[in-house]
Structures are given as structure tokens and as C-alpha cells.
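Numbering (the working numbering), first residue to last: 702 to 844.
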């Protein structure tokens with residue numbers, strides 16, 4: 702596990718898993734956690750009102766991030782080989798990088814999200830996208 706590609710994918714996978722856990726923490730801790738994470742007052746109030754949609758949305762995001770972590774770990778060779786790992790890592794890298802670049806276009810669609818949310822999430826996404834892309838490029842021949 703000493704080559705650059707493996708290290709990049711392990712780190713990218715670990716950060717994706719950490720992001721998944723942060724989303725699960727919001728579900729577990731409720732409205733105050735949604736506020737701290739910058740999800741917006743509308744989302745926090747919906748949680749307080751017992752609306753299931755914020756929980757389902759957050760659970761879907763957490764699940765996706767966890768799957769992305771497993772794919773990165775598979776690409777790094779520390780999890781079982783998965784079918785279409787190359788394609789999945791290309792798409793994951795692209796999704797993270799596009800999310801980072803598209804935040805100015807996304808902001809008006811989610812007016813309740815805090816500025817902190819946009820700056821943190823849009824700052825983390827290019828790091829994750831580059832880790833996955835660099836890792837994939839380095840291990841491409843092994844997949």
C-alpha cells in the first residue's frame with residue numbers, strides 16, 4: 702500500500718466514508734446537527750416537525766458516499782474486487798469535480814443552505830475528486 706494510487710484511493714475512500722458518517726450523524730442527532738452542518742433552517746424545521754423527507758434524503762446521500770468509499774477501497778485493492786471499478790471511479794471523480802465547479806449554479810436551487818455549507822462542501826469536493834482521479838490514473842492498469 703505504498704504507491705501513490707493506492708494511497709490516494711484509500712484517502713479518498715476514507716474521506717468519503719467520513720462524509721457518509723457526518724450525514725448519518727445528522728440523522729441521529731436531529732435538527733441541531735442539520736443546523737450545524739449548514740443544511741438550512743427549512744430542513745431543520747422539517748426534521749423537527751417529523752417530516753421523513755430530510756431523513757430519507759440524508760440517508761440516500763450517506764449511502765451513496767459509503768458506496769463510493771467501498772469502490773475506492775476496491776480500486777486500492779483493500780476491499781474485494783468489484784465489477785466496473787474503473788468506470789465507477791471515473792464517474793465518482795467526475796461527480797465530485799462537477800459538484801465542486803457547479804456550486805454557483807446549485808446555490809440558488811438551495812437558498813436555505815448556509816454560506817459555510819457551500820464553502821466547506823465545495824472545498825472538499827475537488828479534493829475528493831482529485832484523490833479519486835489521481836488514484837484511478839495510477840492503478841488503471843491493475844483494474
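Using N, Cα and C, we set each Cβ at its ideal position, and we do this for glycine too. Quantities reported herein were computed from a predicted structural model and do not represent experimental measurements.
With a threshold of 16 other CB atoms inside 10 Å of the CB of residue i, please say whether the residue is buried or exposed.
i: residue 764; result: exposed
i: residue 755; result: buried
i: residue 766; result: buried
i: residue 703; result: exposed
i: residue 772; result: buried
i: residue 832; result: buried
i: residue 751; result: exposed
Alpha carbons only, please: which of the options is nearest the one belonging to residue i?
i: residue 781; options: 792, 768, 750; result: 768
i: residue 774; options: 729, 793, 804, 758; result: 793
i: residue 743; options: 801, 720, 758, 812; result: 812
i: residue 844; options: 804, 816, 789, 803; result: 789
i: residue 819; options: 801, 831, 719; result: 801
Which residues in the same chain have their Cβ closer than 7 Å to the Cβ of residue i, if we skip the five residues on either side of it in sequence?
i: residue 814; result: 739, 740, 741
i: residue 829; result: 713, 716, 717, 797
i: residue 747; result: 754, 755
i: residue 760; result: 728
Looking only at its own chain, which residues have a Cβ that is under 6 Å from the Cβ of residue i, when we skip the five neighbours before and after it?
i: residue 706; result: 836, 839, 840
What does a CB cutoff of less than 8 Å around residue i pick up in its chain, not counting 5 residues either side in sequence?
i: residue 817; result: 739
Give a yes or no on contact between the stretch 823-837 and the stretch 793-800, applying the rule of three or more CB pairs nearer than 8 Å.
Contact between the stretch 823-837 and the stretch 793-800 is present, with at least three C-beta pairs closer than 8 Å.
Pick out the complete beta strand (DSSP E) segments inside the stretch 760-813, 3 residues or longer, and give them in chain order.
Taken in chain order, the stretch 760-813 contains no complete beta strand (DSSP E) segment of 3 residues or longer.
Under 8 Å: do the stretch 828-838 and the stretch 702-713 share three or more Cβ pairs, one atom per stretch?
Judged by Cβ distances under 8 Å, the stretch 828-838 makes contact with the stretch 702-713, as three or more pairs qualify.
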